[in-house]
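Asker: All residue numbers for the sequence shown refer to this note's numbering, where the first residue is 1 and numbers rise by one.
Note that the Cβ used here is the ideal one computed from N, Cα and C, for glycine as well.
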Amino acid sequence: MNSIKDRALRALNTEQYAYLNKLEEVCFLNNVECPYAFQYILRMLVRIAHGEFQLPTQLLWLKTVIDITNTHQKMMKLNHNFVYVTVRKGLNQGSNNNGWHVDGFSKTTTHLPEQNYIFSDTYPTEYIEKAIYIPRNFDAMKHNLHLFLQDNIKPMDEIKIMKMNTLYCLDPYIIHRKPEIPTGIDRLFVRITYSSVEILDNNNSPNAYLLRSFPNRDGIKDFRNKLTKYIKP
Numbered sequence: 001m002n003s004i005k006d007r008a009l010r011a012l013n014t015e016q017y018a019y020l021n022k023l024e025e026v027c028f029l030n031n032v033e034c035p036y037a038f039q040y041i042l043r044m045l046v047r048i049a050h051g052e053f054q055l056p057t058q059l060l061w062l063k064t065v066i067d068i069t070n071t072h073q074k075m076m077k078l079n080h081n082f083v084y085v086t087v088r089k090g091l092n093q094g095s096n097n098n099g100w101h102v103d104g105f106s107k108t109t110t111h112l113p114e115q116n117y118i119f120s121d122t123y124p125t126e127y128i129e130k131a132i133y134i135p136r137n138f139d140a141m142k143h144n145l146h147l148f149l150q151d152n153i154k155p156m157d158e159i160k161i162m163k164m165n166t167l168y169c170l171d172p173y174i175i176h177r178k179p180e181i182p183t184g185i186d187r188l189f190v191r192i193t194y195s196s197v198e199i200l201d202n203n204n205s206p207n208a209y210l211l212r213s214f215p216n217r218d219g220i221k222d223f224r225n226k227l228t229k230y231i232k233p
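(1) Give the list of continuous beta strand (DSSP E) stretches no shorter than 3 residues that lie fully inside the segment 6 to 58.
(2) Hey, is the segment 169 to 179 in contact with the segment 49 to 68, meaning 3+ C-beta pairs nearer than 8 Å?
(3) Tell me whether the segment 72 to 80 and the segment 137 to 151 touch, counting them as touching only if at least three CB pairs, one residue from each stretch, are closer than 8 Å.
(4) Could you name the residues of the same chain whose beta carbon sits closer than 8 Å to that of ALA8, not counting the 5 residues immediately before and after it, in chain order?
(5) What is the DSSP secondary structure of VAL65, reduced to helix, strand or coil?
(6) So, is ILE192 buried or exposed, given that buried needs 16 or more other C-beta atoms within 10 angstroms?
(7) From what residue to what residue does the beta strand (DSSP E) around PHE82 run?
(8) For LEU227, which of helix, strand or coil comes out of DSSP?
(9) For ASP186, report the span of its alpha helix (DSSP H) as first-last.
(10) Going by alpha carbons, who is nearest to LEU42 out of SER195, TYR209, VAL190?
(11) Going by DSSP, what residues sit across from HIS111 in a beta bridge?
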């Protein structure tokens with residue numbers, strides 16, 4: 001077996017990439033509308049340690065979707081301490097960060113994989129189902145995993161596209177990317193993250209109901225951008 005639930009029970013590791021990891025389609029969502037012309041929220045903490053969800057006013061429109069993800073987590077019998085919400089709503093400005101990558105792969109501490117629930121109302125996420133062997137001497141604390149994955153994806157590999165207005169469950173083993181989106185396209189993208197560890201990043205959007213204090217740390221500049229490309233011995 002190699003499902004999201006199966007993978008969730010084993011600590012995050014690089015060996016799992018050698019398997020054909022699949023995502024999970026949760027449900028079709030045909031009535032999710034953001035009431036704002038523009039909304040930008042990055043990893044806003046909305047629940048701690050199995051307590052009640054604490055949604056600020058600007059996220060109340062997303063409550064039904066969050067409830068669906070929470071029910072799905074319970075169905076898989078997964079209980080993570082932290083839940084985060086990311087929202088991108090507005091006109092595309094032409095800047096695309098569309099490299100192949102995975103979400104939630106951090107080896108700074110040993111922990112169980114997170115689950116990310118995502119959906120888009122248009123131009124949905126692209127993904128690849130491919131087994132990639134990562135050498136034993138690959139050190140995730142030194143080497144950039146995203147660069148390694150990108151180097152091992154070939155032009156002939158089949159690129160799959162998620163469905164519009166459909167909620168999916170991903171984990172750190174699903175290789176995906178944002179599609180090329182024309183300038184001026186109005187798009188809604190949502191990601192709801194269930195994590196066993198707190199995401200310590202000063203770029204996180206604050207939640208007045210769950211204010212947190214942690215070291216001044218930028219996960220991209222202070223860690224990922226300092227990782228090097230793996231060179232085969």
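Answerer: This is what the structure holds:
(1) Entirely contained in the segment 6 to 58, the beta strand (DSSP E) runs reaching 3 residues are, in chain order, 24 to 28, 39 to 48.
(2) Fewer than three beta-carbon pairs drawn from the segment 169 to 179 and the segment 49 to 68 are found closer than 8 Å, and the two stretches are therefore not classed as touching.
(3) Flag = no, the segment 72 to 80 and the segment 137 to 151 do not touch.
(4) Within the same chain, and ignoring the five residues on either side of ALA8 in sequence, the residues whose Cβ sits closer than 8 Å to its Cβ are MET76, LEU78, LEU112, PRO113, GLN115, ASP171.
(5) DSSP, read as helix, strand or coil, puts VAL65 in helix.
(6) ILE192 should be labelled buried.
(7) Run containing PHE82: 82 to 91, per the beta strand (DSSP E) assignment.
(8) Of the three classes helix, strand and coil, the one that applies to LEU227 here is coil, per DSSP.
(9) Segment 186 to 195 is the beta strand (DSSP E) holding ASP186; no alpha helix (DSSP H) there.
(10) It is VAL190 whose Cα lies nearest to the Cα of LEU42.
(11) Beta-bridge pairing links HIS111 to no other residue.
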